[in-house]
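A short write-up of the structure that comes next.
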Amino acid sequence: MNINANVVGTDAQNFNAITSGLDFVTVHSSETLEPGIFNIGFFLNLGVNTLPIFEDNQGNRTKFKDEILGADINIGYGLKENWDVGISFPQIWYQRIEDTSVFRGFYEGYGNTEIRVNTKYRFFGDQDYGLATILSVNFDRIKNNPYTGTDAGPTANLELAYDKKINDVAYGANIGYRFRSPGKPSAAVPINPIADQWIGSLAASYLMTKYDAKLIAEVFGSFPAVNNNKEDYRAHSSLEALLGVKYDHTRNLAVHFGAGTAIQHGTATPDWRVYSGINYAFGEIEKTVDVSVAKKFQTQDRVVLDINFEFDSDKIKDQISYDTLNELAEYLMAVGNYKLMISGHTDSVGSESYNMDLSNRRANSVRKYLLTKFSKIKEQNLVAQGFGESMPIADNGNYQGRQKNRRVEFKIEKP
Numbered sequence: 005m006n007i008n009a010n011v012v013g014t015d016a017q018n019f020n021a022i023t024s025g026l027d028f029v030t031v032h033s034s035e036t037l038e039p040g041i042f043n044i045g046f047f048l049n050l051g052v053n054t055l056p057i058f059e060d061n062q063g064n065r066t067k068f069k070d071e072i073l074g075a076d077i078n079i080g081y082g083l084k085e086n087w088d089v090g091i092s093f094p095q096i097w098y099q100r101i102e103d104t105s106v107f108r109g110f111y112e113g114y115g116n117t118e119i120r121v122n123t124k125y126r127f128f129g130d131q132d133y134g135l136a137t138i139l140s141v142n143f144d145r146i147k148n149n150p151y152t153g154t155d156a157g158p159t160a161n162l163e164l165a166y167d168k169k170i171n172d173v174a175y176g177a178n179i180g181y182r183f184r185s186p187g188k189p190s191a192a193v194p195i196n197p198i199a200d201q202w203i204g205s206l207a208a209s210y211l212m213t214k215y216d217a218k219l220i221a222e223v224f225g226s227f228p229a230v231n232n233n234k235e236d237y238r239a240h241s242s243l244e245a246l247l248g249v250k251y252d253h254t255r256n257l258a259v260h261f262g263a264g265t266a267i268q269h270g271t272a273t274p275d276w277r278v279y280s281g282i283n284y285a286f287g288e289i290e291k292t293v294d295v296s297v298a299k300k301f302q303t304q305d306r307v308v309l310d311i312n313f314e315f316d317s318d319k320i321k322d323q324i325s326y327d328t329l330n331e332l333a334e335y336l337m338a339v340g341n342y343k344l345m346i347s348g349h350t351d352s353v354g355s356e357s358y359n360m361d362l363s364n365r366r367a368n369s370v371r372k373y374l375l376t377k378f379s380k381i382k383e384q385n386l387v388a389q390g391f392g393e394s395m396p397i398a399d400n401g402n403y404q405g406r407q408k409n410r411r412v413e414f415k416i417e418k419p
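So for the sequence shown, my numbering puts the first residue at 5; every next one is plus one.
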């Protein structure tokens, strides 16, 4: 793909949807995909008046009227605990420039513009806060791009991501450095290739459990690391804001839509932008090394056991779940004098009343199995109660968080 004049490729584009689908839109939280979880994403974004204001040799400034439609195909995967990877395939699907009589930029063809790979590692954190680092590398496939220069090398981004959750509001902050390998300036175009940049972003989201949706606000930008030229510093700086909604259509499928605008008009920053996209997550969270029920109760006050149910049902699903309950029963009979509290929990998808009923039925389904299967277990020793969606242990705003929240907890009380 060739590029002419002063249009810039997606290496400098500001709207880059994250590959994990966990966090906000373009801003990372510290959370990583759990081992075994995949996310497939597809985003479209239409930017209006994205071309930088160009100043020719006579000092005349030209502001273009243009439109550009970009797309991102994203894949994310959880490798290990606190570590995930991702790959993106940015595209240019359409471009229109109103004034073709003056010096301007355009793509000679449409299609894939680069390949972008990334990895995130979380240093520490839980459902309420955390700190992670993100490394991403862009391999540009655009030819004759004056903003990267001739024979430019890959671009690498190293960032820190911090997030904090307070009630139903989550906050995120990213700060990092963009290492560029610019090529030689184009002799035909009076533009200096973009050098290293500081990059940063802020985000906030509000989880509306009643509507299975998140309201998301972001601000993101980049600035030259060295200010050698006032005009280059202005042109190579950008700051943009967006406001959007993420709607969880199903437990696996999330739909995004929203709009944004430039705060500071610079490289690839539009007067306004609209976007939409989907993230489809799937896979079972890989279990850690099996630990016996007895050992779990020796080290924990409250234990979550892997009890699986049919979809939207209180019917126990598989033999693994029955084997776990059988092991629990053997442990209880060895303990002797006890009271077992069985607590059912759901995610936030669906109505609050429905989830309360479902969690109660699931807790009582476990209780019924233990009493029916094992005559030595006494009815007065088992108490079952459902708590619905009221006690989440993870983010109900994404697939893997909801998977963690659908659980049955057991607590043994001894006299």
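In this text, a Cβ means the ideal position worked out from N, Cα and C, and glycines have one as well. Fair warning: this is a prediction, and the values are worked out from it, not measured in the lab.
- In the structure shown, the three-state DSSP call for residue 212 is strand.
- Cα atoms of residue 167 and residue 177: separation of roughly 6 Å, rounded to the nearest angstrom.
- Residue 322 and residue 329 have their alpha carbons spaced roughly 11 Å apart.
- Around the C-beta of residue 29, 16 or more other C-beta atoms lie within 10 Å, and the residue is accordingly described as buried.
- Under the DSSP definition of a beta bridge, residue 242 partners with 226.
- By the C-beta density criterion, residue 347 is buried, having at least 16 other C-beta atoms within 10 angstroms.
- A contact between stretches requires three or more CB pairs, one per stretch, nearer than 8 Å, and the stretch 357-368 fails this requirement with the stretch 379-386.
- Going by DSSP, residue 337 is part of no beta strand (DSSP E) but of the alpha helix (DSSP H) stretching over 323-339.
- When the Cα atoms are used, residue 140 and residue 298 turn out to be separated by approximately 44 Å.
- Nearest C-alpha to residue 305 among 413, 278, 42: 413.
- Of 40, 18, 48, the smallest CA-CA separation from residue 283 is found for 48.
- Measuring C-alpha to C-alpha distances from residue 102 to each of 70, 279, 136, 316 identifies 70 as the nearest.
- For residue 31, there is no enclosing alpha helix (DSSP H), as DSSP marks it with neither H nor E.
- For residue 286 against residue 312, the beta-carbon gap comes to about 16 Å, at or over 8 Å, which does not count as contact.
- For residue 301, the three-state secondary structure derived from DSSP is helix.
- In the DSSP assignment, residue 415 falls within the unbroken beta strand (DSSP E) covering 411-417.
- Selection 353, 222, 365 evaluated against residue 319 yields 365 as nearest (Cα-Cα).
- Residue state for residue 131 is assigned as coil, using DSSP reduced to three classes.
- Comparing alpha-carbon positions, the option among 336, 368, 341 lying closest to residue 317 turns out to be 368.
- Look at residue 360 here: in three-state DSSP terms it is helix.
- Residue 174 is not a Cβ neighbour of residue 217, given a cutoff of 8 Å.
- In the DSSP assignment, residue 345 falls within the beta strand (DSSP E) that extends over 343-349.
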